[in-house]
Amino acid sequence: PYMTKDCDDLGQAEKWRGDVIREMSKKINEIQNAGLGEHKIRDLNDQINKLIREKRHWQTRIMELGGANYNGMEPKSYDADGRELPGSGGYKYFGAAKELPGVRELFQAEAPAPPRRTRGDMFKNITPDYYGYRDEDDGVLVRKEAAAEKRGIAEEVERHEEAKKQRLDDRLASGVADAIEPESSEDEEEAGVPGDEDGTMFGQAEAQAASATTSAALKAHVPVPNQEEIKGAILDYRKDQLLAQFLS
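Just remember that my numbering sits 1 ahead of the position in the sequence shown, which is counted from 1.
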């Protein structure tokens, strides 16, 4: 019958309810095929929802005729994963209809917001390595620092020697012989050249002798000692030092 109210027999109402359930089960099995196409799947899903409403009407009529309360005993509809089938206004989605565009989002649970990290959580896994306290334990950093220090010292010594040579060349080029002065013992130590153990006078005398030889062609504006005078001065200085040692 077109209207459930036209049926006054409880047995007939039970029969029509069973027919609706069989038809609905057939269409639910058919809608599982995802290759039917979007339009066919939507049409089948609409038909299934229509059969569900018709089944509910027959169950209500059965209860009016004094039969069982199927609506109260009927469980909720769930999918294969045990989740209740979503839908607005009692509309349900079955089989491949759950994968249609716009429907899939209804079945995707919103991801929970990530918990905020506290200051204690951020400092929980920080070790002394983070602050560099144990960088020298393996010895690798110490070796690298020693190599870098050695290169730095060599570069500074080379720079000092070049500057010293440049100053000497500038003085020789200016033609002032008395400006050729020996470097102090401190400069000799920085350049890696050991000084004379007898004192600075011997070193100064040797430097003056060497500079006198190289600048022989220059015009001297002050008296410059010759080699014999320098040797005599050195000998006198050594004698004075030996005598001071014996007297002390």
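Even for Gly, the Cβ is constructed at its ideal location relative to N, Cα and C. Treat the numbers as computed from the prediction; the structure is a model and nothing was measured.
Item to check | Alpha carbon of K125 to alpha carbon of G140, nearest angstrom | outcome: The alpha-carbon atoms of K125 and G140 are separated by roughly 28 Å.
Checklist entry - Contact check, T5 vs R62 under 8 Å by CB: the rounded distance? => result About 4 Å; that satisfies the 8 Å criterion.
Checklist entry - From E39 to A98, what does the alpha carbon distance come to, in whole angstroms? => result Cα to Cα, E39 sits roughly 8 Å from A98.
Next on the checklist: Please list the terminal residues of the continuous alpha helix (DSSP H) segment that includes T262.
Outcome noted: Lying outside 2 to 249, the shown extent of the chain, residue 262 is not represented and no answer is given.
Checklist entry - Under the criterion of a Cβ to heavy atom distance below 7 Å, does W17 qualify as lining the ligand GTP? => result In the structure shown, the ligand GTP is absent, as is every other ligand, since no ligand is present at all.
Checklist entry - Can you find at least 3 beta carbon pairs, one from the region 7-19 and one from the region 42-54, that sit closer than 8 Å? => result no
Next on the checklist: Quick check: the Cα distance between G153 and F247, rounded to an integer number of angstroms?
Outcome noted: 45 Å
Checklist entry - From K151 to Y132, what distance separates their C-alpha atoms? => result Cα-Cα distance, rounded: 27 Å.
Checklist entry - DSSP state of D139, grouped into three classes? => result Three-state result, D139: coil.
Next on the checklist: Taking the straight line between their C-alpha atoms, what separation do you get for A180 and D241?
Outcome noted: Here A180 scores only 43 on pLDDT, less than 50, and its place in the model should not be relied on; the value that follows carries that caveat. For A180 and D241, the distance between alpha carbons rounds to 28 Å.
Next on the checklist: Buried or exposed for Y134, going by 16 or more other Cβ atoms inside 10 Å?
Outcome noted: Per the 10 Å Cβ criterion, exposed.
Checklist entry - For R260, which option in M25, N30 and I29 has the closest C-alpha, if you only look at C-alpha atoms? => result Residue 260 cannot be examined here, being either before or after the span of the chain that is shown, 2 to 249.
Item to check | Through-space distance from H161 to A155, alpha-carbon basis | outcome: 10 Å
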